[in-house]
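*Asks:* The sequence shown begins at 1 in my numbering and counts up one residue at a time. All C-beta atoms, glycine included, are put in the ideal place defined by N, C-alpha and C. This structure is a prediction, so every number in the text was calculated from the model and none was measured.
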Amino acid sequence: MTYVASPSYDRNDPSRVSNLRQCLDTARRRLDETSQASETEKIETLVASAIEAGWEEDEVREALSAGDGHGNKMPEQEPPVPTIGVVPSSSF
């Protein structure tokens, strides 16, 4: 399981949605760095961790599927690209 911070706002407070997205984004970045699990497994881990932290399942799943409020899904982290031996083009 990964750590998801507890809610800072009451269920009826409009700031709760952005608080949840921030908590999920932070947890997602950490999960992507440390886990080789499939996308589905990562989502279920995030949902379970968020529920344990005090978030409600419906709001967590909605935040994960809705993304950033502009129709964009929560960004999936690209795997790190090795840079050893790569020389910036400006050094040529």
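Applying the criterion that 16 or more other CB atoms from any shown protein chain within 10 Å of the CB defines a buried residue, is Ser49 buried or exposed?
*Replies:* By one-based count along the sequence shown, residue 49 stands at place 49. Buried, since its Cβ has 16 or more Cβ neighbours within 10 Å.
*Asks:* Which class does Pro75 belong to by DSSP, given the choice of helix, strand or coil?
*Replies:* Translated into the one-based positions of the sequence shown, residue 75 becomes position 75. Residue placement at Pro75 cannot be trusted, given a pLDDT of 45 that sits under 50; what the coordinates show is reported in the next sentence. Note: Pro75 maps to coil in three-state DSSP.
*Asks:* In whole angstroms, give me the CA-to-CA distance for Leu31 and Ser38.
*Replies:* In the sequence shown, counting from the first residue as 1, residue 31 sits at position 31. In the sequence shown, counting from the first residue as 1, residue 38 sits at position 38. About 11 Å.
*Asks:* Alpha carbon to alpha carbon, how far is Glu33 from Ala27?
*Replies:* The sequence position of residue 33 within the sequence shown is 33, counting from 1. The sequence position of residue 27 within the sequence shown is 27, counting from 1. Using only the alpha carbons, I get a separation of about 10 Å.
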